[in-house]
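Asker: The sequence shown maps to residues 12 to 330 in our numbering. This is the structure, below, for whatever I ask next.
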Amino acid sequence: MNFGSSMSQLDLDPAILSALPGPSTDYTVPSSVHSIASFGTTTHINKCGVPTYFLKYARSKKLIEGEYRALQLISKAVPGFCPDPVASGQFNDGSRYFVVASFLKDLRSGSGRAWERKLAEKLARLHTEATSDVYGLPDGLPTCCGATPMPNPPTTTWSEFYGVHRLQFILDENARANGRDVDLDRLGITIVEKVVPRLLDGLKSSPSLVHGDLWAGNAGAINDSETGETVPVVYDACAFYADSEFELGIMRMFGGFSSGGFYKRYHELVPEKEPREEYEDRIRLYRLFHELNHAALFGGGWYLDQAKSSMRALIKKYG
Numbered sequence: 012m013n014f015g016s017s018m019s020q021l022d023l024d025p026a027i028l029s030a031l032p033g034p035s036t037d038y039t040v041p042s043s044v045h046s047i048a049s050f051g052t053t054t055h056i057n058k059c060g061v062p063t064y065f066l067k068y069a070r071s072k073k074l075i076e077g078e079y080r081a082l083q084l085i086s087k088a089v090p091g092f093c094p095d096p097v098a099s100g101q102f103n104d105g106s107r108y109f110v111v112a113s114f115l116k117d118l119r120s121g122s123g124r125a126w127e128r129k130l131a132e133k134l135a136r137l138h139t140e141a142t143s144d145v146y147g148l149p150d151g152l153p154t155c156c157g158a159t160p161m162p163n164p165p166t167t168t169w170s171e172f173y174g175v176h177r178l179q180f181i182l183d184e185n186a187r188a189n190g191r192d193v194d195l196d197r198l199g200i201t202i203v204e205k206v207v208p209r210l211l212d213g214l215k216s217s218p219s220l221v222h223g224d225l226w227a228g229n230a231g232a233i234n235d236s237e238t239g240e241t242v243p244v245v246y247d248a249c250a251f252y253a254d255s256e257f258e259l260g261i262m263r264m265f266g267g268f269s270s271g272g273f274y275k276r277y278h279e280l281v282p283e284k285e286p287r288e289e290y291e292d293r294i295r296l297y298r299l300f301h302e303l304n305h306a307a308l309f310g311g312g313w314y315l316d317q318a319k320s321s322m323r324a325l326i327k328k329y330g
């Protein structure tokens, strides 16, 4: 797909046009893209000159299929909380895969206590009403955290799912991406074999739908089309069924959500699990996955140092 200055409806792949309602001549794309990353390119599609759809395309089938599934799950559970999925497929020439979703008009960064409280209420609804009998996904479809395809085999216990299919998986990804690290291997064995069972085996957990990558850059605000009120929205999800506290790991890692706004309201609706004195350590354990994922994606460095620091602190208490 060529996003040059002469962009017209002819540049939209026929597979995309066939997935959209109405005549193909109704559709055009702008002369520049929203963003280009190593794992995907995004833009929007105009219908009769009006921005109507969001478009992402990439070479990775897993990334696109995973994002489409995440949008399906979240939009069904909490309507209006994310872009509505419209279509997903493969370019006619087989070179890329695409996902089309509803366009979020006047999307902006979310801020302020009122927005944080509304976000907390929407997220609490997702975590409490969208449930499953298994962790991961019932059909095992991978979803991608950044460019990392995460395995989601249906698993009956949270301790096994998180230990094997998140931590051990991402430790193996680090070895593949950055080479063997004897220190990381040693710490990882203790975390997976001792710390995870100690913190998670006795936890009263049930599978809840999570966004999976909910840092401040993946949450925003729009105006409700009917009331005009500011409402929170989320996007770039890698949804799967997890213990709901897992969601808070990356939220705490990058910040942007206040204790008096988001967390106060969220925990009024979804109380911290028992034992509460281990709550902060569980969040640190969940944050560890994201530290290791960033180390695998971006070459170790600061993120790997942070991961090792988290591992040593957890092992000192529970290993």
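Glycine included, every Cβ here is placed at the ideal spot set by N, Cα and C.
Check whether the Cβ atoms of K215 and K327 lie closer than 8 Å to each other.
Answerer: No; because the gap between Cβ atoms is not below 8 Å, this pair is not in contact.
Asker: Spatial neighbours of Q83 within its chain, please: C-beta separation below 8 Å, excluding the five flanking residues on both sides.
Answerer: Excluding sequence neighbours, Q83 sits near P96.
Asker: My output table needs one value for G174: the three-state DSSP class, helix, strand or coil.
Answerer: Residue state, collapsed to three classes: helix.
Asker: Which of the three DSSP states, helix, strand or coil, is assigned to H222?
Answerer: Looking at H222 - three-state DSSP - the assignment turns out to be coil, as it is neither helix nor strand.
Asker: For S42, count neighbouring Cβ atoms within 10 angstroms of its own Cβ and tell me buried if that reaches 16, exposed if not.
Answerer: Exposed, by the Cβ-count rule.
Asker: Do the region 118–138 and the region 268–285 meet, that is, are 3 or more Cβ pairs less than 8 Å apart?
Answerer: Yes, the region 118–138 is in contact with the region 268–285.
Asker: Alpha carbon to alpha carbon, how far is I202 from C93? Give it in angstroms, no decimals.
Answerer: Rounded to whole angstroms, C93 to I202 spans 34 Å at the Cα level.
Asker: Look at the alpha carbon of G218 and the alpha carbon of A306, and state the distance between them as a whole number of angstroms.
Answerer: It is worth fixing the name first, because residue 218 is Pro in this sequence and not Gly. Those two C-alpha atoms are separated by around 27 Å.
Asker: Do the region 224–242 and the region 308–328 meet, that is, are 3 or more Cβ pairs less than 8 Å apart?
Answerer: No, the region 224–242 does not touch the region 308–328.
Asker: Around the C-beta of I261, are 16 or more other C-beta atoms found within 10 angstroms, so that it is buried, or is it exposed?
Answerer: Label assigned to I261: buried.
Asker: Which partner residues of F102 appear in the DSSP bridge assignment?
Answerer: None, per the DSSP bridge assignment.
Asker: What is the DSSP secondary structure of G151, counted as helix, strand or coil?
Answerer: Three-state result, G151: coil.
Asker: Nearest to T63 by alpha carbon, out of P32, G190, D254 and T52?
Answerer: The candidate whose alpha carbon is nearest that of T63 is P32.
Asker: What's the gap between the Cα of Y329 and the Cα of A158?
Answerer: Rounded to the nearest angstrom, the two C-alpha atoms are 31 Å apart.
Asker: Taking all protein chains shown into account, do 16 or more other C-beta atoms lie within 10 angstroms of the C-beta of K87, making it buried, or fewer, making it exposed?
Answerer: Its Cβ having fewer than 16 others within 10 Å, K87 is exposed.
Asker: Mind checking which residues open and close the beta strand (DSSP E) that includes S113?
Answerer: From DSSP, the beta strand (DSSP E) with S113 extends over Y108 to S113.
Asker: Could you spell out where the beta strand (DSSP E) holding N234 opens and where it closes?
Answerer: Unbroken beta strand (DSSP E) run through N234: A230 to N234.
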